[in-house]
Structure formats: structure tokens, C-alpha cells
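This report refers to the structure that appears directly beneath it.
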Amino acid sequence: MIFETERLLVRKLVLDDLEAFHEMQSNDNVMQFVDGETKTFEEHLVELTDLINKYNLSNNDFWIYAIERKFDTHFIGTVALVKDGEDDEIGYRFLEKYWKKGYGSEICEGLIYHCKQIGIPKIVGYVVNKNIASAKILVRYNFKVVKQFINDDIKLLETKYELIL
15 MIFETERLLV RKLVLDDLEA FHEMQSNDNV MQFVDGETKT FEEHLVELTD
65 LINKYNLSNN DFWIYAIERK FDTHFIGTVA LVKDGEDDEI GYRFLEKYWK
115 KGYGSEICEG LIYHCKQIGI PKIVGYVVNK NIASAKILVR YNFKVVKQFI
165 NDDIKLLETK YELIL
């Protein structure tokens, strides 16, 4: 376990997550604000395997973890802590059936606490402006707007937020 919140556990991804990972990553609604692309099951197997293999790299700066519910251990999404140049970027996504249950706020709060515990001084998050729910979460946790720009991949207005820890 990497960290936990009241209802959620954050742990390393495993190959048993593949079915749910593929369901999430191949959902157009989930991916519309990421890169707009969905991939095949086989491509997701390669992607998941690559993410798992990164855990063993000594200079890894690209951490993607599984989020599961405590009460039933179901995989419900992923949470990220990755290097973006000099910045430590956070991110999270959920299977669509778990939207609007407060998990986004809960995982964001837990991730902020985790980052403080491991000594990260500042975190950033990027949100496509049309993704109003995600923007509200970052604002709720006192992230400040740094800049706005057009996302090269999906050609939508995006905002970079930062939080000094």
C-alpha cells in the first residue's frame, strides 16, 4: 500500500488490474480530456506491463498507482505522481461508473497529504477547462492557476494549477 484514505487504498498496479484498467482507458468519456485516444486490450496490456515495470527502476519519476475501494477491493481508477520538467504533477482518473461519488476529492486530499509526507514542496495539476468537476476539486484544495494554454493533443483550453506544500 502506498497510502490510504477513509474509503480508498492506493497500491501498485498488478496484471490482475488489466480488465478494469482496459475498461477505464478505453472509455471515450474518461479519455476525452486526456488524449482523446482509446486503445485495444493488447495495447493496454503492454501499457500496464510497462507501468508495473517502472516500479523497479532506480531513477523512476513516473509513478502510476491503482486506486481500490477498501470495502470490496475493486479497482476503481488510477492516481499519478509524475515529473513534468521540474514540477511534480498529480493526476487521477476513475472508471466512469465511480464518478460523482466523491472519490476525486478524497484521492486528491490523500495525495496532497502523501506528497507532504514524502517531502515534495510543490505539486501541479493540469485540467482541460471543460472538465469542470476536476477543476473544482483543485480549487477546493487551494491550487492556484499558473497559466492557460491550448493542449496540443486534444486542441482544448487547459489550465495548469499549482499548490505549494
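Residues in the sequence shown are numbered from 15 upward in steps of one, following my numbering. Note that CB positions come from ideal geometry on N, CA and C, so glycine has one too.
Cβ of C129 within 8 Å of any chain C Cβ: Here chain C cannot be found, since the structure has a single protein chain.
Per-residue burial, G99 [other beta carbons within 10 Å of its own, 16 or more giving buried]: exposed
Own chain, CB closer than 7 Å to N74, minus 5 neighbours either side, in chain order: K68
Beta carbon of Y175 nearer than 8 Å to that of K150: Going by C-beta atoms, Y175 is not nearer than 8 Å to K150.
Residue interval of the beta strand (DSSP E) (run including Q162): For Q162, the enclosing beta strand (DSSP E) stretches over residues K158 to I164.
Helix, strand or coil at D12 according to DSSP, with G and I counted as helix: Since the displayed the chain opens at 15 and closes at 179, residue 12 lies outside it and no answer follows.
Residue environment, I81, which counts as buried when at least 16 other CB atoms sit within 10 Å: buried
Between the CA atoms of F76 and F55 - distance to the nearest angstrom: Looking at the two C-alpha atoms, the distance is approximately 22 Å.
As assigned by DSSP and simplified to three states, the class of E176: strand
Integer Cβ distance of K79 from V24, believed to fall under 8 Å: A small correction: the amino acid at residue 79 is Tyr; Lys does not occupy that position in the sequence shown. That belief holds up - the Cβ atoms of Y79 and V24 are roughly 5 Å apart, short of 8 Å.
Counted within 10 angstroms of its Cβ, other Cβ atoms place D31 as buried (16 or more) or exposed: buried
Delimiting residues of the beta strand (DSSP E) encompassing E1: Because the chain in this structure spans residues 15 to 179, residue 1 falls outside the shown range and cannot be described.
Unbroken beta strand (DSSP E) run spanning L22, endpoints: L22 to K26
Integer-rounded CB distance, given that L22 should sit under 8 Å from E120: 6 Å
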